[in-house]
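Engineer: Dropping a structure here in structure tokens format, bear with me for questions.
There are 2 protein chains.
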Amino acid sequence: MKLYEMATTPSCRRVNIFLKLLGVEPERVTVDVRSGENLSSHYRNISANLKVPLLEIDDDTHLCESVAICRYVDAITPNQLYLFGRSPLEMAQVEMWQRMVELQGLMPAFQAFRNLSGVYRDRETCIELWGEESKKRVAAFLPVLEQQLAKHRYVAGSDLTIADISAFVFIKVCENALQLPVIGHYPNISAWLQELQQHDGFSA
Amino acid sequence: MKLYEMATTPSCRRVNIFLKLLGVEPERVTVDVRSGENLSSHYRNISANLKVPLLEIDDDTHLCESVAICRYVDAITPNQLYLFGRSPLEMAQVEMWQRMVELQGLMPAFQAFRNLSGVYRDRETCIELWGEESKKRVAAFLPVLEQQLAKHRYVAGSDLTIADISAFVFIKVCENALQLPVIGHYPNISAWLQELQQHDGFSA
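The structure is reproduced here in structure tokens:
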């Protein structure tokens with residue numbers, strides 16, 4: 016397996032934490048997204064969404080979308096971590112919180128960052144007002160996450176799952192890219208972050 | 016099982032097609048989202064995201080997020096439809112196309128509709144310019160879907176999956192809510208739609 020990535024992006028960070036927890040170490044190829052290397056004709060031939068990360072399984076088989084890559088690697092790697100949950104109810108609760116973190120947290124955070132910073136202004140129209148509105152929606156989601164972590168040890172309940180990885184990367188985007196301070200302001204999120212960082216993969 | 020829903024919304028339509036394919040018929044409770052019934056204190060007690068649909072499993076257990084509901088019902092219902100895929104690779108490919116349809120199609124379509132129509136202006140800030148930009152991004156995704164359906168019978172490959180349900184609802188939003196005509200303009204999408212409508216659930 017070969018992973019095409021730009022390791023510093025949140026989506027690649029998500030996949031890399033997942034791989035680290037499973038102990039999987041694929042061959043790696045760096046794709047410079049900022050300079051547009053992901054728009055080359057070679058990349059167009061192998062990637063359906065032109066983004067990183069992309070997993071090459073063999074010459075003819077490629078997977079994009081971070082969560083699809085995680086699901087594949089999890090399914091082919093014998094392990095007892097159950098990062099997507101175990102029972103039908105647990106699997107559904109992981110999916111539910113994973114989606115809430117993505118749809119109310121990570122995606123608005125990406126939209127806030129891209130529209131406010133204009134980092135990809137060379138290839139997309141940026142609407143600053145939407146960036147500001149998205150940042151407000153991100154800030155409104157933090158108390159929802161805080162409340163969930165007041166009641167549960169991890170985001171989807173009592174076990175570490177992919178929802179924690181997504182929420183961890185979301186908090187990093189809040190703090191580092193959006194100047195939305197979290198640590199120290201939300202005690203339960205702060206304690207959960209501290210616990211996560213004791214696992215390999217989160218600490219790097 | 017009890018499903019809280021407003022049947023006409025795209026998210027409820029998605030879950031209802033899924034349930035129909037599996038032959039599952041839960042008890043139903045209508046929630047009038049337009050008038051804000053989903054913001055009542057009773058609903059706040061049972062729903063983590065305040066949206067429809069919501070599945071009540073028992074008095075203390077509720078699932079929100081459409082795909083989480085589908086995953087749960089699929090896991091507890093003996094069936095050989097494999098709507099989330101079968102082998103590790105197929106499951107990952109379903110997840111990949113499901114997410115592409117959601118992130119590049121359905122979510123921008125929702126953002127276009129909500130920001131342009133102002134249907135929830137009483138409870139969210141609408142940015143018309145973002146509505147227009149989102150509609151352009153939706154239009155840019157249609158050729159991607161057309162190309163995939165030129166190569167494959169269904170959205171994620173050779174079998175009917177949840178990615179087809181999501182794409183079907185996406186096309187309906189394009190045609191009915193965004194005035195983006197699809198049928199007749201994209202031959203492969205049009206043929207696929209015609210085939211889908213022969214399945215119970217899609218035709219309603």
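Protein sequences, first through last, are from chains A and B.
Under the working numbering, the first residue of the first sequence carries the number 16, and numbering increases by one thereafter.
Under the working numbering, the first residue of the second sequence carries the number 16, and numbering increases by one thereafter.
Note that CB positions come from ideal geometry on N, CA and C, so glycine has one too.
At a cut-off of 6 Å, is I204 (chain B) close to the ligand FMN when judged by its beta-carbon and the heavy atoms of the ligand?
Structural biologist: The ligand FMN is not part of this structure, which contains no ligands at all.
Engineer: Given that a residue counts as buried once 16 or more other Cβ atoms are within 10 Å of its Cβ, and exposed if not, what is D89 (chain A)?
Structural biologist: Here residue 89 (chain A) refers to the residue found at position 74 when the first sequence is read from its first residue. D89 (chain A) comes out buried.
Engineer: Quick check for students: name the residue ranges of the alpha helix (DSSP H) that lie wholly in the region 117 to 191 of chain B, counting only runs of 4 or more.
Structural biologist: You should have 122 to 132, 143 to 166 and 177 to 191.
Engineer: Is the CB of A165 (chain B) under 7 Å away from at least one CB in chain A?
Structural biologist: Walking along the second sequence from the start, residue 165 (chain B) turns up at place 150. Not closer than 7 Å to any Cβ of chain A, the Cβ of A165 (chain B) fails to qualify, so no.
Engineer: How should R59 (chain A) be labelled, buried or exposed, when 16 other C-beta atoms within 10 angstroms of its C-beta is the threshold for buried?
Structural biologist: For the purposes of this step, residue 59 (chain A) is taken as residue 44 along the first sequence, with counting starting at 1. Label assigned to R59 (chain A): exposed.
Engineer: Rounded to whole angstroms, what's the CA-CA distance from K151 (chain A) to E71 (chain A)? Just pull it up for me.
Structural biologist: As a working mapping, residue 151 (chain A) is identified with position 136 in the first sequence. As a working mapping, residue 71 (chain A) is identified with position 56 in the first sequence. If I take the Cα positions, the gap works out to 37 Å.
Engineer: Closer than 7 Å between beta carbons: that is the criterion. Which residues of the region 126 to 141 of chain A meet it against chain B?
Structural biologist: Listed by position, the residues of the region 126 to 141 of chain A near chain B (Cβ gap below 7 Å) are T140.
Engineer: Could you tell me the boundaries of the alpha helix (DSSP H) in which K9 (chain B) lies?
Structural biologist: No statement about residue 9 (chain B) is possible, as the shown extent of chain B runs from 16 to 219 and does not include it.
Engineer: For R29 (chain A), which residues of its own chain have a beta-carbon under 7 Å away from its beta-carbon, when the five flanking residues on both sides are left out?
Structural biologist: Working through the first sequence from its first residue, we reach residue 29 (chain A) at position 14. So the qualifying residues of the chain are S81, I180, S181 and V184.
Engineer: Identify, in the order they occur along the chain, each residue of the same chain with its Cβ nearer than 7 Å to the Cβ of C27 (chain A), setting aside the five sequence neighbours on each side.
Structural biologist: What you label residue 27 (chain A) is simply residue 12 of the first sequence in a count that begins at 1. These residues qualify, in order along the chain: E20, M21, V67 and P68.
Engineer: Excluding the 5 residues flanking R133 (chain B) on each side, which residues of the same chain have their C-beta closer than 7 Å to its C-beta?
Structural biologist: Taking the second sequence and counting its residues from 1, the one referred to as residue 133 (chain B) is at position 118. Looking at the sequence itself, residue 133 (chain B) is Gly, so the reference to Arg does not match. Cβ within range, chain order: C141.
Engineer: Check whether the Cβ atoms of N64 (chain A) and M115 (chain B) sit closer than 7 Å, and answer yes or no.
Structural biologist: Counted from its first residue, the first sequence places residue 64 (chain A) at position 49. Counted from its first residue, the second sequence places residue 115 (chain B) at position 100. Yes; because the gap between Cβ atoms is below 7 Å, this pair is in contact.
Engineer: Can you find a CB in chain A that lies within less than 7 Å of the CB of I32 (chain B)?
Structural biologist: Along the second sequence, read from residue 1 onward, the residue named residue 32 (chain B) stands at position 17. No - not a single Cβ of chain A is within 7 Å of the one on I32 (chain B).
Engineer: For D215 (chain B), which three-state DSSP category applies?
Structural biologist: In the second sequence, the residue the question calls residue 215 (chain B) occupies position 200. Correct three-state label for D215 (chain B): coil.
Engineer: Can you check whether the C-beta of W207 (chain A) is within less than 7 Å of a C-beta belonging to chain B?
Structural biologist: Position 192 of the first sequence, counted from the first residue, corresponds to residue 207 (chain A). Output row for W207 (chain A): interface = no.
Engineer: Give the DSSP-derived three-state secondary structure of V44 (chain B) in the structure shown.
Structural biologist: Along the second sequence, read from residue 1 onward, the residue named residue 44 (chain B) stands at position 29. Note: V44 (chain B) maps to strand in three-state DSSP.
Engineer: Based on Cα-Cα distance, which residue from A:F33, A:T23, A:V39 and A:V153 lies nearest to M16 (chain A)?
Structural biologist: Start at 1 with the first residue of the first sequence, and residue 16 (chain A) comes out as number 1. Of the listed residues, the one whose Cα sits closest to M16 (chain A) is A:V39.
Engineer: Assign I198 (chain A) to one of three DSSP states: helix, strand, or coil.
Structural biologist: Translated into positions along the first sequence, residue 198 (chain A) becomes position 183. It is coil, neither helix nor strand.
Engineer: List the residues of chain B whose Cβ lies closer than 9 Å to the Cβ of N60 (chain A), in chain order.
Structural biologist: For the purposes of this step, residue 60 (chain A) is taken as residue 45 along the first sequence, with counting starting at 1. None at all; the shortest Cβ gap to chain B is about 13 Å.
Engineer: Is the number of C-beta pairs between the region 158 to 178 of chain A and the region 109 to 124 of chain A that are closer than 8 Å three or more?
Structural biologist: The region 158 to 178 of chain A, when compared against the region 109 to 124 of chain A, does touch it at the 8 Å Cβ threshold.
Engineer: Considering D73 (chain B), what are the terminal residues of the alpha helix (DSSP H) in which it resides?
Structural biologist: Walking along the second sequence from the start, residue 73 (chain B) turns up at place 58. From DSSP, D73 (chain B) is part of no alpha helix (DSSP H) but of the beta strand (DSSP E) over L69 to D73.
Engineer: Using 10 angstroms around the beta-carbon of N191 (chain A), count the other beta-carbons present and answer buried if the total reaches 16, otherwise exposed.
Structural biologist: Here residue 191 (chain A) is taken as the residue at index 176 of the first sequence, counted from 1. It counts as exposed.
Engineer: Where does Y58 (chain B) sit, in a helix, a strand or coil, going by DSSP?
Structural biologist: Within the second sequence, residue 58 (chain B) is the residue found at index 43, counting from 1. Note: Y58 (chain B) maps to helix in three-state DSSP.
Engineer: Can you give the beta carbon distance from I204 (chain B) to L160 (chain B), rounded, assuming they're within the 8 Å contact cut?
Structural biologist: Along the second sequence, read from residue 1 onward, the residue named residue 204 (chain B) stands at position 189. Along the second sequence, read from residue 1 onward, the residue named residue 160 (chain B) stands at position 145. Going by Cβ atoms, the distance from I204 (chain B) to L160 (chain B) rounds to 6 Å, so yes, they are a contact pair.
Engineer: At the 7 Å Cβ level, is P103 (chain A) part of the contact set with chain B, yes or no?
Structural biologist: Position 88 of the first sequence, counting from 1, holds the residue named residue 103 (chain A). Yes, contact with chain B.
Engineer: List the residues of chain A that E80 (chain B) touches, going by C-beta distances under 9 Å, in chain order.
Structural biologist: As a working mapping, residue 80 (chain B) is identified with position 65 in the second sequence. In chain order: A107, E110, M111, W112, Q113, R114, M115 and L118.
Engineer: DSSP puts E20 (chain B) in a beta bridge; with which residues?
Structural biologist: The sequence position of residue 20 (chain B) within the second sequence is 5, counting from 1. E20 (chain B) pairs with B:T45.
Engineer: Going along the chain, which residues of its own chain have a beta-carbon closer than 6 Å to the beta-carbon of Q126 (chain A), five neighbours each way excluded?
Structural biologist: What you label residue 126 (chain A) is simply residue 111 of the first sequence in a count that begins at 1. For Q126 (chain A), where only same-chain residues beyond five positions count, the Cβ hits under 6 Å are S149.
Engineer: Sort B:G146, B:A178, B:V153 and B:F156 by Cα distance to Y97 (chain B) and report the nearest one.
Structural biologist: Position 82 of the second sequence, counting from 1, holds the residue named residue 97 (chain B). Per the Cα distances, B:A178.
Engineer: Let me check understanding here. Comparing Cα to Cα, which of B:H57, B:N94, B:T92 and B:P93 lies closest to H77 (chain B)?
Structural biologist: Residue mapping note: residue 77 (chain B) aligns to position 62 of the second sequence, counting from 1. H77 (chain B) has its Cα closest to that of B:H57, out of B:H57, B:N94, B:T92 and B:P93.
Engineer: At the 7 Å Cβ level, is L144 (chain B) part of the contact set with chain A, yes or no?
Structural biologist: The residue given as residue 144 (chain B) occupies position 129 in the second sequence. At least one chain A Cβ lies under 7 Å of L144 (chain B).
Engineer: The beta strand (DSSP E) that contains L5 (chain A), what's its start and end?
Structural biologist: Because residue 5 (chain A) is not part of the residues shown, which for chain A are 16 to 219, the question remains open.
Engineer: Between A124 (chain B) and L193 (chain B), how many whole angstroms is the CB-CB distance? I'm expecting something under 8 Å.
Structural biologist: By 1-based counting over the second sequence, the position of residue 124 (chain B) is 109. By 1-based counting over the second sequence, the position of residue 193 (chain B) is 178. 6 Å between Cβ atoms; contact.
Engineer: What residues from the region 168 to 187 of chain B come within 7 Å of chain A, judged by C-beta to C-beta, listed N to C?
Structural biologist: Correct list: empty, as no residue qualifies.
Engineer: Tell me the rounded alpha-carbon separation between Y87 (chain A) and F99 (chain B).
Structural biologist: As a position in the first sequence, residue 87 (chain A) is number 72, starting the count at 1. As a position in the second sequence, residue 99 (chain B) is number 84, starting the count at 1. Their backbone Cα atoms lie some 13 Å apart in a straight line.
Engineer: Sorted by chain position, which residues of the same chain lie with C-beta nearer than 8 Å to A154 (chain B)'s C-beta, five sequence neighbours on each side aside?
Structural biologist: Position 139 of the second sequence holds residue 154 (chain B). Closer than 8 Å at Cβ, skipping near neighbours: L195.
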